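Asks: What follows is a structure written as structure tokens; I'll ask about it next.
Residue numbers (our numbering): 99 to 293.
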């Protein structure tokens, strides 16, 4: 079985912490951030969130994992929300994506490495829990990877290894948490954000 140092060991530890926050030396703090409490003050941020239909490609992805899609029967509106969170003061920090029952599609995120703004994991949590129960979250898609560490892992160990993957990709690759590649992806800089 393939091994992916240093990412796999880091990801394995993150997975253990997310599965059991009482795990010794857990470094993952409970997230309390909401879209109404973005620092340093909520007025420094623009948040636009409204019901929105998914792109046709997203519907295909949902069908592949057996998630029913469509419209809320009571309101007649889409059960999915398009959300943009953007800081309007100081260095650019932004989150753009879609959420729905059990799913997050992260289309674009930007945050300077040295920023004091909330981590993308905190913003993602705030966006999702604005409308949905975190316990029901099952799938996260990151549609455009620009992080150098994560891109290096994908190019070196996913595409290069030919594990059902060729660049550019038109299909989804999914991993089960017991898979070494899953843990390695979780150990990349972008993986830590969704962990």
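We put the CB at the ideal spot given by N, CA and C, even for glycine.
Given the structure is predicted, the values throughout are model-derived calculations rather than measurements.
Between which two residues does the beta strand (DSSP E) holding residue 167 run?
Replies: Note, residue 167: premise wrong, no beta strand (DSSP E); not H, not E.
Asks: For the region 194-209 and the region 222-229, state whether three or more C-beta atom pairs, one from each stretch, are separated by less than 8 Å.
Replies: Segments in contact, yes.
Asks: Do you know how far the Cα of residue 126 is from the Cα of residue 246?
Replies: Each residue's Cα considered, the two are about 23 Å apart.
Asks: Which residues does DSSP pair with residue 147 in a beta bridge?
Replies: DSSP lists 181 as partners of residue 147.
Asks: Tell me the DSSP bridge mates of residue 203?
Replies: Per DSSP, 196, 239.
Asks: For residue 217, tell me which candidate among 103, 122, 178, 129 has the shortest Cα-Cα distance.
Replies: That would be 129, whose Cα lies nearest to the Cα of residue 217.
Asks: Have a look at the DSSP bridge pairing and note the partners of residue 191.
Replies: 209.
Asks: Given that a residue counts as buried once 16 or more other Cβ atoms are within 10 Å of its Cβ, and exposed if not, what is residue 161?
Replies: Counting Cβ neighbours within 10 Å, residue 161 comes out exposed, since fewer than 16 surround it.
Asks: Using 8 Å as the Cβ pair cut-off and three pairs as the minimum, do the region 150-157 and the region 101-113 touch?
Replies: Cβ pair count under 8 Å is below three, so no.
Asks: What would DSSP say about residue 102, mapped onto helix, strand or coil?
Replies: DSSP places residue 102 in coil when its eight states are reduced to three.
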